[in-house]
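Numbering (the UniProt record's numbering), first residue to last: 1 to 213. Virtual Cβ for every residue (Gly too), placed ideally from N, Cα, C. The model shown is predicted, which means the values in this text are computed figures rather than measured ones. Below is one structure; the comments refer to it alone.
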């Protein structure tokens, strides 16, 4: 049985190797049944893995506009929510998203203001006017910088993203056997209502690092 604290220890080791301040004199507080806070923590780390429902078929990633799909075995397959965050893409017969969760598009602007902004309806086509946000990342520009308001550019340290990915990879390796299902609208991981090791670690990291600043 994998212990949350064993995985957390590995996360702390990774943080210490990168000379990251960890505790900030904060207490470890559980989110309990506050699923919104847990999903916000995931969004803060995976804002660049956002996808929106395509009116025609499947989903489109928000940054690359790549067609992707929810796997039929997913608990969200029948629900087909408008906005989701995914962990990774796997190519089989289609480009499927693995480990998805529902998000509110407002969280993207709130948690990643340097990556997303509220779209200006006066500068968009009719189709785009239906959308509420747009990505600030310019795929054809310098990959380590993002555009912010008024066209000013501010360097964002790429290691901040790589740090998160390294930590997340460690968590996923330790929890690769987790199974998820949905019962009466609630998510479970190995019988525990959304309090899996993976999401506890996400919440822990979100409370201690300013990935959204």
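Query                                                                                                                  : Result
Exposed unless 16 or more other CB atoms sit within 10 angstroms - verdict on residue 77                               : exposed
For residue 49, the three-state DSSP class (helix, strand or coil)                                                     : helix
Close-in-space but distant-in-sequence residues of the same chain around residue 71 (CB under 6 Å, 5 per side omitted) : 96
Three-way DSSP call (helix, strand, coil) for residue 92 in this model                                                 : coil
Neighbour-count burial assignment, residue 74, 16 or more Cβ in a 10 Å radius                                          : buried
Segment contact flag, the stretch 88-105 with the stretch 38-57, C-beta cutoff 8 Å, min 3 pairs                        : yes
Straight-line gap, residue 12 to residue 43 (C-alpha atoms, nearest Å)                                                 : 21 Å
Distance between residue 33 and residue 55 (C-alpha atoms, nearest Å)                                                  : 33 Å
Distance, residue 31 Cα to residue 183 Cα                                                                              : Per-residue confidence for residue 183 stands at a pLDDT of 36, beneath the threshold of 50, marking its modelled position as unreliable; no derived number is given.
Residue from 91, 65, 51, 45 whose Cα sits closest to the Cα of residue 84                                              : 51
Where residue 33 sits in the DSSP three-state scheme                                                                   : coil
C-alpha distance - residue 45 paired with residue 86, whole-angstrom precision                                         : 11 Å
Which residues DSSP lists as bridging residue 43, in chain order                                                       : According to DSSP, residue 43 bridges with nothing at all.
Nearest-angstrom Cα separation, counted from residue 60 out to residue 53                                              : 6 Å
Whole-angstrom distance between residue 49 and residue 64, CA atom to CA atom                                          : 10 Å
Beta-carbon proximity list for residue 82, same chain, < 7 Å, skipping 5 on both sides                                 : 52, 53
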